Amino acid sequence: MNEQRKTPLFDLHVELGARMVPFAGYSMPVQYELGVKKEHEHTRRACGLFDVSHMGQVLLRGPNPAEALETLVPADLAGLPEGRQRYGLFTAEDGGILDDLMIVNAGDHLYLVVNAACKEQDIAHLRRGLPDHELEVLDRGLLALQGPEAATVMQRLCPEACEMVFMQHGRFTIEGIEVWISRSGYTGEDGFEISVPAEQTEALARRLLAEEEVEAIGLGARDSLRLEAGLCLYGHDIDTTTTPVEAGLIWAIGKPRRRDGERPGGFPGADLILHQVAEKDHQRKRVGLLGEGRAPVREGVELYDGDGNAIGAVCSGGFGPSVGRPVAMGYVSIDQAAIDTVVYAEVRGKRLPMTVTKMPFVQPGYHRG
Numbered sequence: 000m001n002e003q004r005k006t007p008l009f010d011l012h013v014e015l016g017a018r019m020v021p022f023a024g025y026s027m028p029v030q031y032e033l034g035v036k037k038e039h040e041h042t043r044r045a046c047g048l049f050d051v052s053h054m055g056q057v058l059l060r061g062p063n064p065a066e067a068l069e070t071l072v073p074a075d076l077a078g079l080p081e082g083r084q085r086y087g088l089f090t091a092e093d094g095g096i097l098d099d100l101m102i103v104n105a106g107d108h109l110y111l112v113v114n115a116a117c118k119e120q121d122i123a124h125l126r127r128g129l130p131d132h133e134l135e136v137l138d139r140g141l142l143a144l145q146g147p148e149a150a151t152v153m154q155r156l157c158p159e160a161c162e163m164v165f166m167q168h169g170r171f172t173i174e175g176i177e178v179w180i181s182r183s184g185y186t187g188e189d190g191f192e193i194s195v196p197a198e199q200t201e202a203l204a205r206r207l208l209a210e211e212e213v214e215a216i217g218l219g220a221r222d223s224l225r226l227e228a229g230l231c232l233y234g235h236d237i238d239t240t241t242t243p244v245e246a247g248l249i250w251a252i253g254k255p256r257r258r259d260g261e262r263p264g265g266f267p268g269a270d271l272i273l274h275q276v277a278e279k280d281h282q283r284k285r286v287g288l289l290g291e292g293r294a295p296v297r298e299g300v301e302l303y304d305g306d307g308n309a310i311g312a313v314c315s316g317g318f319g320p321s322v323g324r325p326v327a328m329g330y331v332s333i334d335q336a337a338i339d340t341v342v343y344a345e346v347r348g349k350r351l352p353m354t355v356t357k358m359p360f361v362q363p364g365y366h367r368g
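Taking numbering that gives the first Met the number 0, the leading residue of the sequence shown gets 0, the next gets one more, and so forth.
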């Protein structure tokens, strides 16, 4: 068995009583002494601190990194202002999704954050696809401070960062530590993602945890929070078998990159993806599902229509602590994807009704200014 890698906060997690589990090649905290439900509720009510140092952080430099990256990603990157961040997708030639990522225009270069489980393949994909550009793989920690009190905490440590709005990025100093901060996150709440030199990650984490509003939060609550926010997890809700259109991620395809845009296509799988965008010609769709009672409906559960015909499957699911009901996302045939359609999830031999619903399941708390 391969030894699990450790983030700069491994010793702190152990000190805090975390239950550590293997995740994406790393030993990561799934929960602390509070437990998943209370960690989830605390983040929604106050502020949680997440270790996301396992993610890949990369700088892309060259003659025109935004224009170059558009050959691999369908986002509008040429139109991304300096100091702003955008969600992107690496697409495959057959229209599938290789990974999702965050892209920052940092002036003379791009700063990318990619998923931990895909980072080696993403880096190889970038090097192969952009041979004339320089790729610097960073050794930095990454902390996510999330929740309605995140700005209250940040105001004490770095008030300048609180002047940013959702999906804005800046370079700051917190008590002598140089940090890169994006006002964004994966919980549906206001928050900040803080990139920090590896050797100073623990000191900053301890400083943040010293604030009364902040609790350490593990992967368990991170998953239930992002599910309630209707956000995809690569390898579960999106993968090489799903197109951006099927996944409900049309908004990640920049308008200038579409058929009638200024820079149509030019990315892998463009013909199929842009056909699906323009013609609405796809057979299935990712939808939100609300259950009844308290029994969670997990990933892989088959879905049926009222006549007993198989129509799809759940890709992520669990009990939503903030919703008070089972919540899930799943792929269903397009004729069953309308809001308020009732479908049936087969759990331990029983068909449980679930209602197709709009996402997110909770009201977002993003600070849009």
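Note that the Cβ used here is the ideal one computed from N, Cα and C, for glycine as well. Source: prediction; values computed, not measured.
For the pair V136 and G316, the Cα-to-Cα distance works out to about 33 Å. Just measuring C-alpha positions, the residue of T200, P62 and D259 sitting nearest F9 is T200. Secondary structure note for M153: its alpha helix (DSSP H) is the uninterrupted segment A149 to L156. Annotated three-state conformation of S52 is coil, per DSSP.
Residue burial is scored here from C-beta neighbours: K279 has fewer than 16 other C-beta atoms within 10 angstroms and is therefore classed as exposed. Shown here for I310: same chain residues with a beta carbon closer than 7 Å to its own, the five before and five after excluded, namely L302, Y303, D304, V331, S332, Q335 and V342 in chain order. Per DSSP, reduced to three states, the secondary structure at A143 is strand. Shortest Cα-Cα distance from G229 to any of L273, G287 and I249 involves G287. In this chain, the beta strand (DSSP E) harbouring A344 covers V341 to V346.
Contact annotation, E188 with T42: C-beta distance approximately 7 Å; criterion of less than 8 Å satisfied. In the structure shown, the three-state DSSP call for R4 is strand. Cβ neighbours of A220 within its own chain (closer than 6 Å, five residues either side excluded): V35, E38 and H39. In this structure, R283 places its C-beta atom within 8 Å of the C-beta atom of E245.
Contact between the segment 121-133 and the segment 167-178 is absent: fewer than three C-beta pairs spanning the two stretches fall below 8 Å. Taken in chain order, the complete alpha helix (DSSP H) segments of 4 residues or longer contained in the segment 258-323 are 269-278.
CA-to-CA, the gap between R225 and C117 works out to about 19 Å. In the structure shown, R60 falls within a strand segment according to DSSP collapsed to helix, strand and coil.
Within the same chain, and ignoring the five residues on either side of S181 in sequence, the residues whose Cβ sits closer than 6 Å to its Cβ are Q84, H168 and E192. Judged by DSSP secondary structure, S183 falls outside any beta strand (DSSP E); it is assigned neither H nor E. E92 and T186 have their C-alpha atoms spaced approximately 31 Å apart. When E32, E14, L15 and D50 are compared, the shortest CA-CA separation from F22 is found for D50. Around A45, the same chain offers G146, E148 and E212 as residues with beta carbons nearer than 6 Å, after the five sequence neighbours per side are excluded. Within the same chain, Cβ atoms closer than 7 Å to the Cβ of A215 are found at L15, Y31, L48 and L208, the five residues on either side in sequence being excluded.
Burial of I102 is indicated by the presence of at least 16 other C-beta atoms within 10 angstroms of its C-beta.
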